[in-house]
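Report on the structure given below.
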Amino acid sequence: MLDIRFICDNPELVKENIKKKFKDSKLPLVDEIISLYDEKCKTNSRANELRANRNKISKQIGALMGQGKREEAEEMKRLVSEQAEELKALEAREDELAAKVLDIQMKIPNIVDDSVPVGKDDSENVEVQQFGEKTVPNFEIPYHTDIMQHFAGIDKEAAGRVAGEGFYYLMGDIARLHSAVLSYARDFMIDKGFTYCIPPFMIRSNVVTGVMSFEEMDAMMYKIEGEDLYLIGTSEHSMIGKFIDTITEEAKLPLTLTSYSPCFRKEKGAHGIEERGIYRIHQFEKQEMIVICKPEESMDWFNKMWSYSVELFRSLDVPVRTLECCTGDLADLKVKSFDIEAWSPKQQKYFEVCSCSNLGDAQARRLGIRVRGEDGKKYLAHTLNNTVVAPPRMLIALLENNLSFDGETYTLKIPKALQPYMGGKTEIKSVQ
0 MLDIRFICDN PELVKENIKK KFKDSKLPLV DEIISLYDEK CKTNSRANEL
50 RANRNKISKQ IGALMGQGKR EEAEEMKRLV SEQAEELKAL EAREDELAAK
100 VLDIQMKIPN IVDDSVPVGK DDSENVEVQQ FGEKTVPNFE IPYHTDIMQH
150 FAGIDKEAAG RVAGEGFYYL MGDIARLHSA VLSYARDFMI DKGFTYCIPP
200 FMIRSNVVTG VMSFEEMDAM MYKIEGEDLY LIGTSEHSMI GKFIDTITEE
250 AKLPLTLTSY SPCFRKEKGA HGIEERGIYR IHQFEKQEMI VICKPEESMD
300 WFNKMWSYSV ELFRSLDVPV RTLECCTGDL ADLKVKSFDI EAWSPKQQKY
350 FEVCSCSNLG DAQARRLGIR VRGEDGKKYL AHTLNNTVVA PPRMLIALLE
400 NNLSFDGETY TLKIPKALQP YMGGKTEIKS VQ
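Position 70, counted from 1, in the sequence shown is what numbering that gives the first Met the number 0 calls 69; the numbers after and before it change by one each time, with no gaps.
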């Protein structure tokens, strides 16, 4: 969310940024919010004038009454009464205008970083770098749910009877591998100096609107009927919300946290091969990384965070690449974002497994996350987030890139980093 004064002082820059994001329908919002804010300022000025005048007249009434000048005092009372009606109307208008200004503020996109490539949608995202040699198997790799079934590791049919589409049971060694990935990711981030955290899995509406746009909320979040609570779509939501309306001493920055949580998502409109199986599901588990830092350090942290994901995936023998999201693929609050994509030997292409984002001060402005500098002055922090691992997709990448077949038996090699979390197992063989 942009500062209203920034919008008023830089209307053409804000409009150009909207054009870069190919959201021309939002262009009229700039002139509208400037007009509303101007009216709000004038309304506030007149209301303050009446408030000051009321206090002044009240003192005069007391003095006149003390002097026995009752008629003059009554005239003053009549004037106060008239102005009280005007003030009441002005205060109602103040509230109305403030709400309208805030509503538009939350719809105007954040200013993207100058380094972000201009493009309409994800088809125009730009590959930055590849890491690891892409696997080209000498056998036909089964679809990922079929791989799991070879290891007696998944039951979607039973999950469908229990909860419907978009759910699954993980079983046996595959379930254990899923947990091993999460445990390894947790320890990996702790070793990077991040503090481990398990957050609330539900958040209030003011936190929801503080961390994402209305469009994202509608597409993702499940609402708890009859309560002001939403199921989180990622632990970033409750982790950033942890700092709502707080002031952190600058000396304590950066705050680096890694959080585990289940995640719940509507996943509207999912279709195609990447939407079958467990690519897009309504419930999954995830390890996240969160950083709250000084503005001048946020880009350095952005680069550290996406590099951690690359390092983790490479430690599990999964080839990956980084992809810079273009302007049209950035959510409204984001300043810059990289997707980390894993190689799929089955599809012979990359697919998204992590998303690293710098949101500048947008979330901090919405949630009131401030920092007190050494000089005592307060300023807004910058917030960043990145997926460490989301095991459904990590599991797909792990299975496809570590699978072998001798004509009869499928063997899944357990990467060395995961072996301590698998009771020392070095491989898993398919069930005959």
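From the three backbone atoms N, C-alpha and C, an ideal C-beta is built for every residue, glycine too.
task: Return yes when the Cβ of Leu366 is within less than 8 angstroms of the Cβ of Phe242, no when it is not.
output: Yes; because the gap between Cβ atoms is below 8 angstroms, this pair is in contact.
task: Determine, using beta-carbon pairs with one atom in the segment 108-118 and one in the segment 14-30, whether at least three such pairs fall under 8 angstroms.
output: Contact holds: three or more Cβ-Cβ distances are below 8 angstroms.
query: DSSP puts Glu126 in a beta bridge; with which residues?
result: Beta bridge pairing from DSSP links Glu126 with Leu322.
task: Can you give me the Cβ contacts of Tyr259 inside the same chain, cut-off strictly under 6 angstroms, excluding the 5 residues immediately before and after it?
output: Same-chain partners within the cutoff: Ile197, Gln286.
- request: From the DSSP output, read off the bridge partner residues of Phe263.
  value: Bridge partners of Phe263: Gln282.
field: Check whether Val207 and Tyr221 have beta carbons under 8 angstroms apart
entry: No; because the gap between Cβ atoms is not below 8 angstroms, this pair is not in contact.
- prompt: Secondary structure at Lys428, three-state DSSP: helix, strand or coil?
  reply: The answer is strand: DSSP assigns Lys428 an E or B state.
field: Spatial distance of Gly225 from Phe166 (CA atoms)
entry: A straight line joining the alpha-carbon of Gly225 with that of Phe166 spans about 25 angstroms.
- prompt: Asn205 lies in the alpha helix (DSSP H); which residues open and close that run?
  reply: It spans 204-210 - the alpha helix (DSSP H) in which Asn205 sits, taken as one unbroken run.
query: Between which two residues does the alpha helix (DSSP H) harbouring Glu399 extend?
result: Counting along the chain, the alpha helix (DSSP H) containing Glu399 begins and ends at 390-400.
message: Quick test of your reading: Lys119 and Gly372, contact by CB under 8 angstroms. State the CB separation rounded to the nearest angstrom.
response: Your pair Lys119 and Gly372 does not check out as a contact, with CB atoms roughly 40 angstroms apart and the cut at 8 angstroms.
- prompt: Could you give the distance in angstroms between the alpha-carbon of Pro141 and the alpha-carbon of Ile395?
  reply: Approximately 11 angstroms, taken between the alpha carbons.
field: DSSP beta-bridge partners of Ile246
entry: Note: Ile246 sits in a beta bridge opposite Arg369.
- request: State the start and end residues of the unbroken beta strand (DSSP E) segment that holds Asp338.
  value: Residues 335-343.
query: Per DSSP, what kind of secondary structure is Lys303 in: helix, strand or coil?
result: In the displayed model, Lys303 falls within a helix according to three-state DSSP.
- request: Would you mind reading off the limits of the beta strand (DSSP E) that contains Ser354?
  value: Where Ser354 is concerned, the enclosing beta strand (DSSP E) stretches over 348-357.
task: Determine contact between the segment 92-105 and the segment 315-329, defined as no fewer than three beta-carbon pairs at a distance below 8 angstroms.
output: Judged by Cβ distances under 8 angstroms, the segment 92-105 makes no contact with the segment 315-329, as fewer than three pairs qualify.
- prompt: By Cβ distance, which residues of its chain are closer than 7 angstroms to Pro391, with the 5 residues on each side in sequence left out?
  reply: For Pro391, the CB contacts under 7 angstroms within the same chain, skipping 5 residues up- and downstream, are Ile277, Ile280, Phe283 in chain order.
- prompt: Would Leu12 be called buried (16 or more neighbouring beta carbons within 10 Å of its own) or exposed?
  reply: When all chains shown are included, Leu12 counts as exposed.
message: What does the Cβ neighbour count give for Gln347, buried or exposed, with the cut at 16 atoms within 10 Å?
response: Gln347 is exposed by the Cβ-count criterion.
field: Minimum C-alpha distance to Glu74 - residue among Lys87, Leu89, Glu85, Ile56
entry: It is Ile56.
- request: Return the chain-ordered list of same chain residues with a C-beta closer than 6 angstroms to the C-beta of Met216, the five sequence neighbours on each side being excluded.
  value: Cβ within range, chain order: Val207.
message: At 4 residues or longer, what runs of the alpha helix (DSSP H) sit wholly inside the segment 130-214?
response: Along the length of the segment 130-214, whole alpha helix (DSSP H) runs at least 4 residues long occupy 143-149, 155-162, 171-190, 204-210, reported in chain order.
- prompt: Between which two residues does the alpha helix (DSSP H) harbouring Lys14 extend?
  reply: If you look at Lys14, you'll find it in the alpha helix (DSSP H) that goes 10-19.
field: Sub-8 angstroms separation of Ile291 and Pro261 beta-carbons
entry: Their beta carbons are not under 8 angstroms apart, which means Ile291 does not touch Pro261 by this criterion.
message: If you measure between the beta carbons of Lys376 and Arg369, is that distance less than 8 angstroms?
response: No, the pair does not count as a contact, with Cβ atoms beyond the cut-off.
- request: Taking only the alpha-carbon atoms, compute the straight-line gap between Asp172 and Tyr420 and give it to the nearest angstrom.
  value: Cα to Cα, the separation comes out at about 11 angstroms.
task: Quick one: grab the DSSP three-state call for Val115.
output: Looking at Val115 - three-state DSSP - the assignment turns out to be coil, as it is neither helix nor strand.
query: alpha helix (DSSP H) containing Gly240: first to last residue?
result: Element bounds for Gly240: 234-240.
task: Measure the beta-carbon distance from Ala361 to Leu332 and round it to whole angstroms, keeping in mind my assumption that it falls under 8 angstroms.
output: Separation of the CB atoms of Ala361 and Leu332 is rounded to 4 angstroms, and the pair is thereby assigned contact status at 8 angstroms.
task: Indicate whether Thr386 and Ser336 have their beta-carbon atoms separated by less than 8 angstroms.
output: Not a contact, by the Cβ cut-off of 8 angstroms.
query: Which of the three DSSP states, helix, strand or coil, is assigned to Met298?
result: It is helical.
- prompt: Taking the C-alpha atoms as reference points, what is the distance between Arg203 and Asp227?
  reply: Taking the straight line from one Cα to the other gives about 6 angstroms.
message: Using CA atoms only, rank isn't needed, just tell me which of Ala380, Gly240, Tyr349, Ser212 is closest to Val135.
response: When Ala380, Gly240, Tyr349, Ser212 are compared, the shortest CA-CA separation from Val135 is found for Tyr349.
message: Using only the alpha-carbon positions, how far apart do Glu351 and Tyr36 sit?
response: Annotation: Glu351 to Tyr36 spans about 41 angstroms, alpha carbon to alpha carbon.
- request: Go through its chain and collect everything with a Cβ distance to Glu93's Cβ below 8 angstroms, but skip five positions before and after it.
  value: Closer than 8 angstroms at Cβ, skipping near neighbours: Lys39, Thr42, Asn43, Ala46.
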